[in-house]
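The listed protein sequences correspond, in order, to chains A and B.
So in the working numbering, spot 191 of the first sequence is number 191, and the numbers just go up one at a time.
So in the working numbering, spot 71 of the second sequence is number 278, and the numbers just go up one at a time.
Everything below concerns the one structure shown next.
Number of protein chains: 2
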Amino acid sequence: MSKVGREGSLRGQKKQDRREKIRQAAWNLFREEGYEKTTTRAVAERAGIATGTLFLYARDKQDLLFLVMHDRLEEAVEDAFDGLPRRGPLLERWMHVFRRLFRMYSEYPALGAAFVRLLPGASGPNAERVNALTFAFLHRLAALVREAQEQGEVAPEVLPMQAASNVFSLYFGALLAWLSGMLPLELALEEHLRPALVLQIRGLRIG
Amino acid sequence: MSKVGREGSLRGQKKQDRREKIRQAAWNLFREEGYEKTTTRAVAERAGIATGTLFLYARDKQDLLFLVMHDRLEEAVEDAFDGLPRRGPLLERWMHVFRRLFRMYSEYPALGAAFVRLLPGASGPNAERVNALTFAFLHRLAALVREAQEQGEVAPEVLPMQAASNVFSLYFGALLAWLSGMLPLELALEEHLRPALVLQIRGLRIG
DNA sequence: GCAAAAATATGAACCCGCTCATTTATGGGG
DNA sequence: CCCCATAAATGAGCGGGTTCATATTTTTGC
């Protein structure tokens, strides 16, 4: 057999298995005990490896959280865009997507809060993967704007990526407000995020 | 002499002195070594107190950073609104304010980055003081919107606080992008924040 | 097959944030 | 002026994240 990059080799396979073991162990402990209370030693033990080995798979404890959250985030984003109505007002399509993401965070709000608080400026291999996901998400938001432009709903001179960037900031702000202040999910979505998006669409100008 | 609440008493005076000593020590060390590398022991030593005493004045190391940043932030906000042109386009008045804040962070960008990253959902006595500052800032932004409404520049049906909240999210997003990615100050302000604000004012609608 | 080399894994030890049982300072009442 | 109650300060110790010298496993070259 020829060398098959990383994944195919025996070494690569064991490495993948171990990463998965660690992901599971961390996920279970974070859910059961919360992020702060979970010790890296406990994660290592449940994954059946030595303490030091953990740090060959995640740069630090934060990066472990990113390892765990990456898959959940990816699934939620995929799901959100899969179930997206083909047509309809831009506002409702955005809300459909953001609702799905909020719902994901609401399953374990404390974990979500820890994750979102660490997101800005995070580094480490798994943080990079999450950043890539976020970047792709931003482009998907821009695609929605482009489609709305084709429907004549959005002015043609608006740069889709610029609009996506603004909307993402509004989404992130709402997410922080919700997960920090712990106002209930529905209120955060309908009374905070939705009016913010409405105002971004409307603008401040007269008319 | 009657008891004068907290400030007048000898006890209260010593406490204030000590808080100031700690603030100075932390500020100098954070500047010289950075937030992460500075140990709480070092701060205590330079302030001339025991390790444990530090935590009577700040709940934890994070709260120490908030203690340090509060005054700088307050000064920058005060300064920004003092120097604000009495009239002029809303966009330029916003940019005047945000430029002043960005400039404050740019004096010690690494410290600013640490601070901004810890801001969301921070707790502790000094974090509360910073949150109060942020809340007041939000209201000042809303006041600018209200003035623009009186000038007929902004539609009367727009809720000033809603607009302020959106603009704050855009500001915070730009701040995070700048301090995380370390793109230069001028670009972050003029190529990131300004277009975002322009688009918020303009909206996405046709016309 | 077998060494030498390279990649991985190990866990004791280190560092540092934070706590808490104990000591010290302050101020009011007699 | 002294005593007691209360507030404040102390620093040794603890817990947990992270490191790194050493050991083990896997791959490579022959």
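Built from N, CA and C at the ideal position, the CB exists for glycine as well.
Under a 10 Å Cβ-count criterion, B/P327 is classified as buried, with 16 or more other Cβ atoms of the shown protein chains found around its own Cβ. Under the three-state reduction of DSSP output, B/D270 falls in the helix class. Residues of chain B whose Cβ lies closer than 9 Å to the Cβ of A/F172 are, in chain order, S376, F379, G380, L383. Rounded to whole angstroms, the separation of the alpha carbons of A/D17 and B/L394 is 44 Å. Assignment of B/Y312 by DSSP, reduced to helix, strand and coil, places it in the helix class.
Remark: C-beta atoms of A/H96 and A/A80 approach each other more closely than 8 Å. In this structure, the CA atom of A/L144 is about 43 Å from the CA atom of B/L274. Taking a beta-carbon distance threshold of 8 Å, B/Q407 counts as an interface residue toward chain A.
In the three-state scheme derived from DSSP, where H, G and I count as helix and E and B as strand, A/M69 is classed as helix. Along the segment 179 to 196 of chain A, going in chain order, the ones with a CB nearer than 9 Å to a CB of chain B are L179, S180, G181, H192, P195, A196. Taking 8 Å as the threshold, the shortest C-beta distance from B/N235 to chain A does not fall below it.
If the five residues before and after A/E74 are omitted, its C-beta is found closer than 8 Å to the C-beta atoms of L133, all from its own chain and listed in chain order. Following the DSSP letters along the chain, one finds A/P156 in no alpha helix (DSSP H), marked with neither H nor E.
For B/D270, the number of other beta carbons within 10 angstroms of its own is at least 16, and it is reported as buried. At a Cβ-Cβ threshold of 8 Å, B/V337 and B/M389 do not count as neighbours. Three or more Cβ pairs closer than 8 Å define a contact, and the segment 150 to 168 of chain A falls short of that threshold against the segment 103 to 114 of chain A. Pairing B/L318 with B/R238 gives a Cβ-Cβ distance under 8 Å. Only buried fits B/I408, as 16 or more other CB atoms lie within 10 angstroms of its CB. When rounded, the separation of the alpha-carbon atoms in A/L138 and A/E78 is 13 Å. Under the three-state reduction of DSSP, B/P402 is assigned to helix. Closest in alpha carbon position to A/A26, among A/R19, A/A136, A/E36, A/V43, is A/V43. Not one beta carbon of chain B lies nearer than 8 Å to the beta carbon of A/N126. By the Cβ neighbour-count rule, B/R300 is buried, with 16 or more other Cβ atoms within 10 Å of its own. Here the C-alpha atom of A/L193 lies approximately 27 Å from the C-alpha atom of B/G331.
A/K61 has its alpha-carbon roughly 24 Å from the corresponding atom of A/Q13.
Residue nearest to B/G359 within the set A/Y57, A/I206, A/L175 is A/I206 (criterion: CA-CA distance). Between B/F322 and B/L272, the C-beta gap is smaller than 8 Å, which places the two residues in contact.
In the DSSP assignment, A/A142 falls within the unbroken alpha helix (DSSP H) covering 125 to 150. When the beta-carbon positions are compared, A/S180 and B/S376 stay at least 8 Å from each other. The C-alpha of B/E397 lies about 33 Å from the C-alpha of B/K244.
With fewer than 16 other CB atoms across the displayed protein chains lying within 10 angstroms of its CB, B/A343 is exposed.
Within chain B, no C-beta atom comes less than 9 Å from the C-beta of A/I49; the nearest is roughly 27 Å away.
Sixteen is the threshold: when 16 or more other Cβ atoms of the shown chains lie within 10 Å of the Cβ of A/A47, as they do, the residue is buried.
Check the Cα spacing between A/E20 and each of A/Y57, A/P195, A/R140: the tightest is with A/Y57.
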